[in-house]
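J.: Please see the structure below; I have some questions.
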Amino acid sequence: MDKFWSYLGGVIGGYTLTQASLDSIGLGVLNPVLDIVGALSMVVFGAALVVKGVFTLAGK
């Protein structure tokens, strides 16, 4: 449970990056970069949550 909230925060942060729109401040050209970084963040932290859960279930 020690790193659970950090991993969950990483997943939520990645989702937020994919939903962010910078068009209103004139930086709309960065939207594809935010989508890629957000997607990678969700995949990495989601995988970490799954691995941590498997280790917890296995008792290690």
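Residues in the sequence shown are numbered consecutively from 37, following the numbering used here. We put the CB at the ideal spot given by N, CA and C, even for glycine. Quantities reported herein were computed from a predicted structural model and do not represent experimental measurements.
A84 lies in the alpha helix (DSSP H); which residues open and close that run?
T.: Position 48 of the sequence shown, counted from the start, is the residue given in the question as residue 84. From DSSP, the alpha helix (DSSP H) with A84 extends over N67 to A94.
J.: Who are the Cβ neighbours of V73 in its own chain at under 7 Å, not counting the five residues just before and after it?
T.: Walking along the sequence shown from the start, residue 73 turns up at place 37. Excluding sequence neighbours, V73 sits near L53.
J.: Touch check for the region 77 to 92 and the region 45 to 59: three-plus C-beta pairs under 8 Å?
T.: yes
J.: Taking the CB atoms as reference points, tell me whether S77 and G95 lie closer together than 7 Å.
T.: As a first step, residue 77 must be located in the sequence shown, where it is residue number 41. As a first step, residue 95 must be located in the sequence shown, where it is residue number 59. Against a cut-off of 7 Å, the Cβ pair of G95 and S77 comes out as no contact.
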